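Q: Numbering (mature numbering (1 follows the signal peptide of the UniProt record, and there is no 0)), first residue to last: -21 to -1, 1 to 638.
1) Could you tell me which of 355, 481, 192, 87 sits nearest to residue 279, measuring between CA atoms?
2) Would DSSP call residue 595 helix, strand or coil?
3) For residue 7, count neighbouring Cβ atoms within 10 angstroms of its own Cβ and tell me buried if that reaches 16, exposed if not.
4) Short of 6 Å in beta carbon distance, which residues of its chain neighbour residue 34, apart from the five on each side in sequence? Order them along the chain.
5) In whole angstroms, give me the CA-to-CA distance for residue 465 and residue 201.
6) Between residue 492 and the rest of its own chain, which residues show a CB-CB distance below 8 Å, the 5 nearest in sequence each way excluded?
7) Would you kindly report the start and end of the unbroken alpha helix (DSSP H) that includes residue 329?
8) Label residue 443 either buried or exposed according to how many other C-beta atoms from any shown protein chain fall within 10 Å of its C-beta, with 16 as the threshold for buried.
9) Return the CA-CA distance between residue 524 and residue 494, expressed in angstroms with no decimal places.
10) So the candidates are 106, 146, 114, 250; which of them puts its Cα closest to the Cα of residue 134?
11) Between which two residues does the beta strand (DSSP E) containing residue 650 stretch?
12) Alpha carbon to alpha carbon, how far is residue 522 from residue 501?
13) Pull up the DSSP beta-bridge partners for residue 252, would you.
14) Drop a sphere of 10 angstroms on the beta-carbon of residue 160, count the other beta-carbons inside from all chains shown, and report buried for 16 or more, exposed for fewer.
15) With a threshold of 16 other CB atoms inside 10 Å of the CB of residue 165, please say whether the residue is buried or exposed.
16) Grouping DSSP H, G and I as helix and E and B as strand, with all else coil, what is residue 210?
17) Tell me whether the beta-carbon of residue 326 lies closer than 9 Å to the beta-carbon of residue 385.
18) If I measure Cβ to Cβ from residue 296 and keep anything under 6 Å in the same chain, skipping five residues before and after, which residues do I get?
19) Can you name, in chain order, every residue of its own chain whose Cβ lies under 6 Å from the Cβ of residue 619, other than the five neighbours on each side?
20) When burial is assigned at 16 or more other CB atoms within 10 Å of the CB, is residue 636 buried or exposed?
21) Buried or exposed: residue 487, going by 16 or more other Cβ atoms within 10 Å of its Cβ?
22) Given a threshold of 16 other Cβ atoms within 10 Å of its Cβ, counted over all protein chains shown, does residue 633 qualify as buried or as exposed?
23) Find out if the Cβ-Cβ distance for the pair residue 478, residue 458 is shorter than 9 Å.
24) Please list the terminal residues of the continuous beta strand (DSSP E) segment that includes residue 480.
25) Suppose the cutoff is 7 Å on Cβ atoms and the five residues either side in sequence are ignored; what does the same chain contact list for residue 526 look like?
26) Using CA coordinates, which residue listed in 293, 252, 285, 150 is at the minimum distance from residue 275?
27) Report back the beta-carbon spacing between residue 222 and residue 601 to the nearest angstrom; my notes put them in contact at under 8 Å.
28) Looking only at C-alpha atoms, which of 57, 101, 489, 43 sits nearest to residue 29?
29) Since residue 106 is in the beta strand (DSSP E), which residue starts that stretch and which ends it?
30) Helix or strand or just coil, what does DSSP make of residue 200?
31) Which residue comes first and which comes last in the alpha helix (DSSP H) that contains residue 194?
32) Quick check: what's the CA-CA separation for residue 474 versus residue 383?
33) The ligand GTP heavy atoms versus the CB of residue 196: any closer than 8 Å?
34) From the DSSP output, in three-state form, read off residue 217 for me.
35) What residue range is occupied by the uninterrupted beta strand (DSSP E) comprising residue 49?
36) If you drop the 5 nearest sequence neighbours on each side, which residues of the same chain put their C-beta closer than 7 Å to that of residue 392?
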């Protein structure tokens, strides 16, 4: 899936986890409030039902509400559904739609009530249009897989029913303890059938705010490509008392002048600004605003280096012969070679190109699934993975998989793994050095610095007589077209790429690990350079079929959550050992200047209604002065304590919904 969560590696993307949820001190602003920030990528459409690209959900998640949403402590709370219940066998979920939920035009005029049938219409449309996010629910909702495959053409046989105008019911194939967390995603959102039919092919056009209806806290007022995005508060929104900011103004920024956001914050034209410690002006900024430079918390978005194991296009390459192309392909199919790259990457140096030396560790990540994403039996997910990983070989015995430190960089291990790889590859006729094309947006300064750091550490560790990283500096649109926006694997024109990341859709490890199953995974082209479901020879050779068996076995465990997580840990351990993807950093954990009251936004590690991506404006409060480090820390301490209490209470309340 070129889906929402396949994130183009951010140079400035949003602030999130550290500015999410709970109140702090600081004086609040009075009168009409405007939040001004930046954005980097234009959406290619506004179709929240069919696309899952971050560029779209950054907009639509603020204007479209689903059944539930996240509060500031990460609890799922009513949105379009004012109440819900689940059957004792965990298979039937019934939601009561609130009577004050309405559809509005982009001008704020009431169009129609939001009804249960709108959710049925939305899912049918998403399925008929082969939504990029259909994978989220295709195997979950009874009969949906058969309908999606055309084996049954009667949508009334699918397990979603409008029992009356205010009641929508879903029937699942098997219990999913995390089902409600999926309801925040666009694929399960409602749409008004009359409006949908009236628009036809013009529904959800990227530059036309009037091409969709709105039931959320904001109305999209304008979108000018590579210029600006503007929102206004929906004055008739059912929960308008929790919408504190009146206008949102986002300005396009190409990532080139990394001193600009801070300058714009200081002159008052931005409400918040990402900072770049490697910029020459940062030292002076530290002197004048040291007490206001806040590092946000790490979130659940994981950025990666992908390996193209079946490259088909060579428009952007430094290779000069077919022999070099063949040698690179064979090298990337060799696990020891990939491990050499993984152990040879100095992640601290790589991250310091964004966060500076002192802040580099604050964004480091060593696992695809973050180590604290879920817990069971007193252990977090990372501890479970470590127990499995050490069985793969001595190279894993002393690794630390925790966040915020580099547990994998080890030049000696890299050299040892490369020596094994070189011996085997030479026997296959491979010639050295291996040339690896790595694309980067040439206008984004920090992105260029990152790949240059990658090149330096890998080449220094392994030697340029063995490996050469050929950086392909391209225009932004060129990079997007051969990575993020490539429709098929044939368009993925690179050998290794850090232009990819993943932000989880729901609260279960499967939201990460299912997406790269070779038979049905929606991200195999973006991560590995092959299309899923094609019985790809390269995928077989690297053992991805074995990986799929592990993931499938974990997914089949629906009763015992601890066993389920343990089995997913086994799959994650296999993936880590394979070095097919190399985790590098999280999205947040970066320095900012901000007038956002800390922890007043919704929070969640997954979904569309409380994550680092998209940035949400409902609940957000502003203050008239820049947040101080002391304010932020006090707010964080307060929020953490309140969150623990709130989550415990919410967990106890869950039993009341079982009927």
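We treat Cβ as the ideally placed atom computed from N, Cα and C, and that holds for glycine. Keep in mind it's a predicted model, so treat the numbers as computed, not measured.
A: So, from the data block:
1) Position 300 of the chain shown, counting from 1, holds the residue named residue 279. Checked all of 355, 481, 192, 87; the closest Cα to residue 279 is 481.
2) Within the chain shown, residue 595 is the residue found at index 616, counting from 1. Coil at residue 595, not helix or strand.
3) Mapped onto the chain shown, residue 7 falls at position 28. At residue 7 the pLDDT is 44, less than 50, meaning the model places this residue with poor confidence and gives no usable figure here.
4) Translated into positions along the chain shown, residue 34 becomes position 55. For residue 34, where only same-chain residues beyond five positions count, the Cβ hits under 6 Å are 20, 22.
5) Numbered from 1 along the chain shown, position 486 holds the residue referred to as residue 465. Numbered from 1 along the chain shown, position 222 holds the residue referred to as residue 201. Residue 465 and residue 201: Cα-Cα distance of roughly 27 Å.
6) Within the chain shown, residue 492 is the residue found at index 513, counting from 1. Counting only Cβ-Cβ distances below 8 Å, and skipping sequence neighbours, we find 347, 348, 530, 533, 547, 550, 551, 554.
7) Translated into positions along the chain shown, residue 329 becomes position 350. Residues 326 to 338.
8) The residue labelled residue 443 in the question sits at position 464 within the chain shown. So residue 443 ends up on the exposed side.
9) In the chain shown, counting from the first residue as 1, residue 524 sits at position 545. In the chain shown, counting from the first residue as 1, residue 494 sits at position 515. Counting only the Cα atoms, residue 494 lies some 13 Å from residue 524.
10) For this step, residue 134 is matched to residue 155 along the chain shown. Checking every option, the nearest Cα to that of residue 134 belongs to 106.
11) Outside the modelled stretch of the chain, which goes from -21 to 638, sits residue 650, for which no answer is possible.
12) For the purposes of this step, residue 522 is taken as residue 543 along the chain shown, with counting starting at 1. For the purposes of this step, residue 501 is taken as residue 522 along the chain shown, with counting starting at 1. Going by the C-alpha atoms only, they are around 18 Å apart.
13) Position 273 of the chain shown, counted from the first residue, corresponds to residue 252. In DSSP, residue 252 forms a bridge with 572.
14) Locating residue 160 in the chain shown gives position 181, counting from the first residue. Of the residues assessed, residue 160 falls on the buried side of the cut-off, its CB having 16 or more other CB atoms within 10 angstroms.
15) As a position in the chain shown, residue 165 is number 186, starting the count at 1. Burial state of residue 165 is buried, judged by a 10 Å Cβ sphere holding 16 or more other Cβ atoms.
16) The residue given as residue 210 occupies position 231 in the chain shown. Note: residue 210 maps to strand in three-state DSSP.
17) Working through the chain shown from its first residue, we reach residue 326 at position 347. Working through the chain shown from its first residue, we reach residue 385 at position 406. Yes.
18) As a working mapping, residue 296 is identified with position 317 in the chain shown. Contacts found: 416.
19) Locating residue 619 in the chain shown gives position 640, counting from the first residue. Nothing meets the Cβ criterion.
20) The sequence position of residue 636 within the chain shown is 657, counting from 1. By the neighbour-count rule (16 or more Cβ atoms within 10 Å), residue 636 is not buried but exposed.
21) Taking the chain shown and counting its residues from 1, the one referred to as residue 487 is at position 508. In the assembly as shown, residue 487 is a buried residue. Its beta-carbon has 16 or more other beta-carbons within 10 Å.
22) As a working mapping, residue 633 is identified with position 654 in the chain shown. Residue 633 comes out exposed.
23) Locating residue 478 in the chain shown gives position 499, where the first residue counts as 1. Locating residue 458 in the chain shown gives position 479, where the first residue counts as 1. Going by beta carbons, residue 478 and residue 458 fall inside the 9 Å limit.
24) Along the chain shown, read from residue 1 onward, the residue named residue 480 stands at position 501. Looking at the DSSP string, the run of the beta strand (DSSP E) that includes residue 480 is 475 to 481.
25) Locating residue 526 in the chain shown gives position 547, counting from the first residue. For residue 526, the CB contacts under 7 Å within the same chain, skipping 5 residues up- and downstream, are 550, 553, 554 in chain order.
26) Numbered from its first residue, the chain shown carries residue 275 at position 296. Here the closest residue by C-alpha is 252.
27) Translated into positions along the chain shown, residue 222 becomes position 243. Translated into positions along the chain shown, residue 601 becomes position 622. No, residue 222 and residue 601 are not in contact; Cβ-Cβ is about 12 Å, not under 8 Å.
28) Start at 1 with the first residue of the chain shown, and residue 29 comes out as number 50. That would be 101, whose Cα lies nearest to the Cα of residue 29.
29) Within the chain shown, numbered from 1, the residue matching residue 106 stands at position 127. Careful: residue 106 lies outside any beta strand (DSSP E), inside the alpha helix (DSSP H) at 95 to 107.
30) In the chain shown, counting from the first residue as 1, residue 200 sits at position 221. In the structure shown, residue 200 sits in a strand (DSSP, three-state: E or B).
31) Numbered from 1 along the chain shown, position 215 holds the residue referred to as residue 194. No alpha helix (DSSP H) holds residue 194; DSSP gives it neither H nor E.
32) The sequence position of residue 474 within the chain shown is 495, counting from 1. The sequence position of residue 383 within the chain shown is 404, counting from 1. Spanning the two alpha carbons is a distance of roughly 27 Å.
33) This structure lacks the ligand GTP; in fact it carries no ligand of any kind.
34) Residue 217 sits at position 238 when you count from the first residue of the chain shown. When DSSP states are grouped into helix, strand and coil, residue 217 belongs to the coil group.
35) Stepping through the chain shown from its first residue, residue 49 is reached at position 70. That run of the beta strand (DSSP E) goes 47 to 49.
36) Start at 1 with the first residue of the chain shown, and residue 392 comes out as number 413. Around residue 392: 322, 374.
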